[in-house]
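Protein chains in written order, with full-length UniProt numbering: chain V, 1 to 154; chain L, 1 to 752.
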């Protein structure tokens, strides 16, 4: 039995510590916003925050996040207000199939936490682990820049 | 206003939909709550009156529009209901959109594929909106006892100006639903559109950015088990024996068994393609447990040998021999070279190409190759099934419920009306999800374990059990006279296991002496539609060849194409030319203008151009390339598209941009190889997908403005990207590239 803190809620989880964080989120906790894409950390669809940093939940064991704070797409908004990245993605509507959406948003949110006004090069570096198979990248870059504007205007 | 008579089939359809589901229905809507004032109950029982299959209206004037076609990112959940809303005359911002279930009686063909959604529903959906509006107006006319001609509508409200009366659609919905479906309704003139041709956001945007369950993999059901398949490691292999004792001891595991998909002699329809007929199945409580138990399976595989598949469908019943050999990519290429020398099937012949080539002053011959491609949908294949002796519920991502249902009906031995199919949002499709063997597998697994089951493919399963884009080759020959005029054109194309040649497309019709031939090599590698099937190779090869021809003739590549199109327009050769030469020329002229092609240009870039026609639409691109860190980089693209009326401009631009980036990625990096039948690129660390830093900074999209009924959009912009990239690469390197993926191939000298 482990205690995991997900989106500021403590969960008692009865599964082996080797299980991936992704499988716990999706199968045990019904947090299906975090997606399975490759299982090897190569596509970014499963990106969540652990202590504020973007990590691939498909290659992160549940045991390794005990005592840490995990945030998923479902917990990104605060007090009912969407995160600036969510606001920007809603407003600029960059995606197509949108399966990559949660991972993109979580990676972008982690980037903006570190660099509130990133350059295009910063965005490319931070986001090149996230695949969008529909090829909407230029629109995602625009959305992240809009998020930066929203964030820095506060 | 355009007056249109409802045709017979449409009338029958609207009538039947009224009979089947018309009148008052109780609707428990989870979506509808978004339209309620905040603070309302979490769930809300709403009475919705169904006017027809696409339009439901509540008494308090909540308008729900039903999207018939599955959504895989082409944005049909927005664009199709926009077409209904246009004619229904409702406030788009207040409309609620729901994905319909599979229901061919009420909702038509429901086929997402072939860039078909908007074009096939263009008239039916506007008619559904216009007919519903007319029925509401009739209801008001009766209630108010005024002539219908005096009633007007605006944004979901009906008015009778003379008497000052007004009422919402909702007030008249029940009465309207009982009115016979009118025979004649008027459709709006294009100039009066106020929803179509306006940019509207994705109706699922809020759910997408907050991680709500939308996809098949997210679907949950009471008592649901998880299943995974274990398929042969190589094409040409089959299951020999297995020992599941260790796997069965693993926690959470319910069952391990082998599954036969089709019984011997089962007549496969066109979309019943499956790679392996015997699969091992592991069923358990959670994905994690099932994945772990799979690792404990002890399995022996053996060569399948030649297999006989019984094909049914349009071609009639016939047996097809699937060869058993384990294939290797180098041998595949070698075999293609051998077959290319053999006589092939003549697909089209104009004039006397043999004599023209004999008399030519110069012959240019080039051969182009392209590899198998995997679709790599971001959401791996999966499906939920709950099958009992009486009925079946199937939920998941698929492009064509109407094609899946007959197969499920036969396999499960259940009548079609006992099979309920619900469509989830698809994490990509690209043609892959038209082949729903995975839904059939899920259904058989559920039937066997007598429980609701979700079948999940891992990424590796998805990539190594594919219905791939075929491997193609084509040799192009052109004969020039002593004045460098093009006097004959010959294309001979082949592939594994099909060729890609569209014999009646450009430049057919523009050259006096023309010959198109095709051949194919049978294979056990399973293939199917991949975004713009066949066109995605043709455009690469043919558009590269035309570029090289233009150069040999000392002509500008756009001018050269326009000359050929002028010929095809004024004095076409042959009869079955598929394309409209004016519209084809139109996108070339537009992209020439937008890209500043004839101006000095930006010397920083090496430019390539290409154009293509498919799915009734026309697209041209100018690609601006540089070298960056030792690799070619497409920094900027100009695109011109003629797809008739554009429903949702921003989303349409997004679609074109995506097609461009998909094309750049696949032309430079995409490819699937085999070693002894084993797919070598089984996950993203080996299968290179274009990433953010490799995508262009800008893709500037322009649409030809006209009032032509909409034609395809999801596929047409994709194929010419390959040709434009090839032609830009030539400018960067000074040498031509003939083999995809270009980044893995060394530029060849001219092959003759």
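Every residue gets a Cβ at the ideal spot worked out from N, C-alpha and C, and that includes glycine.
Backbone CA spacing between residue 767/L and residue 470/L [nearest angstrom]: As displayed, chain L neither begins before 1 nor continues past 752, which places residue 767/L out of reach and without an answer.
Residue 131/V and residue 145/V closer than 9 Å at C-beta: If you number the first chain from 1, residue 131/V lands on position 131. If you number the first chain from 1, residue 145/V lands on position 145. Cβ atoms of residue 131/V and residue 145/V: not closer than 9 Å.
Test: residue 40/V CB closer than 9 Å to a CB of chain L: On the first chain, position 40 is the one that residue 40/V refers to. For residue 40/V, the answer is yes, since a Cβ of chain L falls inside 9 Å of its Cβ.
Near-chain L residues of the segment 127 to 139 of chain V - C-beta to any C-beta below 9 Å: Against chain L - using a Cβ distance shorter than 9 Å - the residues of the segment 127 to 139 of chain V are 127, 128, 129, 130, 131, 132, 133, 134, 135, 136, 137, 138, 139.
Exposure of residue 586/L, with buried meaning 16 or more beta-carbon neighbours within 10 Å: Translated into positions along the second chain, residue 586/L becomes position 586. Under the 10 Å beta carbon count, residue 586/L is surrounded by 16 or more other beta carbons and is classified as buried.
8 Å contact criterion, which residue 607/L and residue 623/L should meet: CB distance rounded: Along the second chain, read from residue 1 onward, the residue named residue 607/L stands at position 607. Along the second chain, read from residue 1 onward, the residue named residue 623/L stands at position 623. Contact holds; Cβ gap of about 7 Å.
Contact with chain L by residue 141/V, beta-carbon distance below 9 Å: Taking the first residue of the first chain as position 1, residue 141/V is located at position 141. At least one chain L Cβ lies under 9 Å of residue 141/V.
Short Cβ contact (9 Å threshold) for residue 541/L with residue 723/L: As a working note, residue 541/L is residue 541 in the second chain. As a working note, residue 723/L is residue 723 in the second chain. Contact: yes.
Where residue 560/L sits in the DSSP three-state scheme: Within the second chain, the letter at position 560 stands for residue 560/L. Residue 560/L: helix per DSSP, three-state reduction.
Status (buried if at least 16 other CB within 10 Å, exposed otherwise) for residue 289/L: On the second chain, position 289 is the one that residue 289/L refers to. So residue 289/L ends up on the buried side.
Minimum Cβ-Cβ distance from residue 74/L to chain V less than 9 Å: Residue numbering aside, residue 74/L sits at position 74 when the second chain is read from its first letter. For residue 74/L, at least one C-beta of chain V is nearer than 9 Å to its own C-beta.
Interface residues of chain L facing residue 124/V [CB-CB closer than 8 Å]: Start at 1 with the first residue of the first chain, and residue 124/V comes out as number 124. Ordered by position in chain L, the residues that pass the 8 Å Cβ test against residue 124/V are 692, 693.
Identified DSSP bridge partners for residue 99/L: Reading the second chain from its first residue, position 99 is the one you call residue 99/L. Paired residue(s): 67/L.
Three-way DSSP call (helix, strand, coil) for residue 614/L in this model: Mapped onto the second chain, residue 614/L falls at position 614. Residue 614/L: strand per DSSP, three-state reduction.
Three-state secondary structure assigned by DSSP to residue 308/L: As a position in the second chain, residue 308/L is number 308, starting the count at 1. Annotated three-state conformation of residue 308/L is strand, per DSSP.
Neighbourhood of residue 232/L by C-beta distance below 7 Å, restricted to the same chain and skipping five residues each side: Numbered from its first residue, the second chain carries residue 232/L at position 232. 238, 239, 276, 301, listed in sequence order.
Below-9 Å beta-carbon distance, residue 639/L vs any chain V residue: Along the second chain, one-based indexing puts residue 639/L at 639. False, the Cβ-Cβ gap to chain V never drops below 9 Å.
Burial state of residue 334/L (16 or more Cβ within 10 Å): Position 334 of the second chain holds residue 334/L. By the neighbour-count rule (16 or more Cβ atoms within 10 Å), residue 334/L is not buried but exposed.
Contiguous beta strand (DSSP E) assignments of at least 3 residues, all confined to the segment 184 to 245 of chain L: DSSP runs (the beta strand (DSSP E)) wholly in the segment 184 to 245 of chain L: 184 to 187, 225 to 230, 237 to 243.
Start-end ranges of the beta strand (DSSP E) lying completely within the UniProt domain "2Fe-2S ferredoxin-type" (1 to 76) of chain V, minimum 3 residues: The DSSP assignment places 2 to 6, 9 to 13, 47 to 50, 53 to 56, 69 to 71 as complete runs of the beta strand (DSSP E) inside the UniProt domain "2Fe-2S ferredoxin-type" (1 to 76) of chain V, in order along the chain (cut-off: 3 residues).
Stretch pair the segment 133 to 145 of chain L + the segment 111 to 125 of chain L: three plus CB contacts closer than 8 Å: Taking a cut-off of 8 Å for Cβ pairs, the segment 133 to 145 of chain L and the segment 111 to 125 of chain L do not touch, as fewer than three such pairs fall below it.
Residue span of the alpha helix (DSSP H) that contains residue 516/L, given as start and end: To locate residue 516/L, count along the second chain from 1; it is residue 516. From DSSP, residue 516/L is part of no alpha helix (DSSP H) but of the beta strand (DSSP E) over 513 to 520.
Neighbourhood of residue 671/L by C-beta, 6 Å cutoff - its chain only, sequence neighbours within 5 removed: As a first step, residue 671/L must be located in the second chain, where it is residue number 671. Closer than 6 Å at the Cβ level, and outside the excluded window around residue 671/L, lie 371, 741.
Residue 493/L, DSSP secondary structure in three states: Position 493 of the second chain holds residue 493/L. The answer is strand: DSSP assigns residue 493/L an E or B state.
Three-pair Cβ contact test at 8 Å for the segment 395 to 409 of chain L versus the segment 93 to 100 of chain L: With a cut-off of 8 Å, the segment 93 to 100 of chain L and the segment 395 to 409 of chain L do not count as touching, because too few Cβ pairs lie within range.
Beta-carbon proximity of residue 710/L to residue 643/L, cut-off 9 Å: Residue numbering aside, residue 710/L sits at position 710 when the second chain is read from its first letter. Residue numbering aside, residue 643/L sits at position 643 when the second chain is read from its first letter. For the pair residue 710/L and residue 643/L, the CB atoms are nearer than the 9 Å cut-off.
CA nearest to the CA of residue 88/L, picked from 406/L, 46/L, 156/L, 114/L: For the purposes of this step, residue 88/L is identified with residue 88 of the second chain, where counting begins at 1. That would be 156/L, whose Cα lies nearest to the Cα of residue 88/L.
Reduced DSSP secondary structure (H/G/I, E/B, other) of residue 578/L: Position 578 of the second chain holds residue 578/L. For residue 578/L, the three-state secondary structure derived from DSSP is coil.
Positions along the segment 183 to 201 of chain L whose CB lies within less than 8 Å of some CB in chain V: Within the segment 183 to 201 of chain L, those residues whose Cβ lies closer than 8 Å to any Cβ of chain V are, in chain order, 201.
Separation of residue 91/V from residue 634/L, as counted between CA atoms: Here residue 634/L is taken as the residue at index 634 of the second chain, counted from 1. Here residue 91/V is taken as the residue at index 91 of the first chain, counted from 1. The straight-line gap from Cα to Cα measures roughly 27 Å.
Best match in 552/L, 430/L, 103/L for proximity to residue 53/L [C-alpha to C-alpha]: Residue mapping note: residue 53/L aligns to position 53 of the second chain, counting from 1. Checked all of 552/L, 430/L, 103/L; the closest Cα to residue 53/L is 103/L.
Alpha carbon of residue 743/L to alpha carbon of residue 87/V, nearest angstrom: Along the second chain, read from residue 1 onward, the residue named residue 743/L stands at position 743. Along the first chain, read from residue 1 onward, the residue named residue 87/V stands at position 87. Cα to Cα, residue 743/L sits roughly 38 Å from residue 87/V.
Three-pair Cβ contact test at 8 Å for the segment 561 to 579 of chain L versus the segment 502 to 510 of chain L: Taking 8 Å as the limit for Cβ pairs, the verdict is that the segment 502 to 510 of chain L does touch the segment 561 to 579 of chain L.
Under the three-state DSSP convention, the category residue 301/L falls into: Mapped onto the second chain, residue 301/L falls at position 301. Here residue 301/L sits in strand by DSSP.
Contact list for residue 111/V against chain L, beta-carbon separation under 7 Å: Walking along the first chain from the start, residue 111/V turns up at place 111. The contacting residues do not exist; residue 111/V stays about 12 Å from chain L at best.
Chain-order list of residues whose beta-carbon lies under 6 Å from that of residue 19/V (same chain, five-residue window excluded): Reading the first chain from its first residue, position 19 is the one you call residue 19/V. Once the five neighbours on either side are set aside, the close Cβ partners of residue 19/V are 62.
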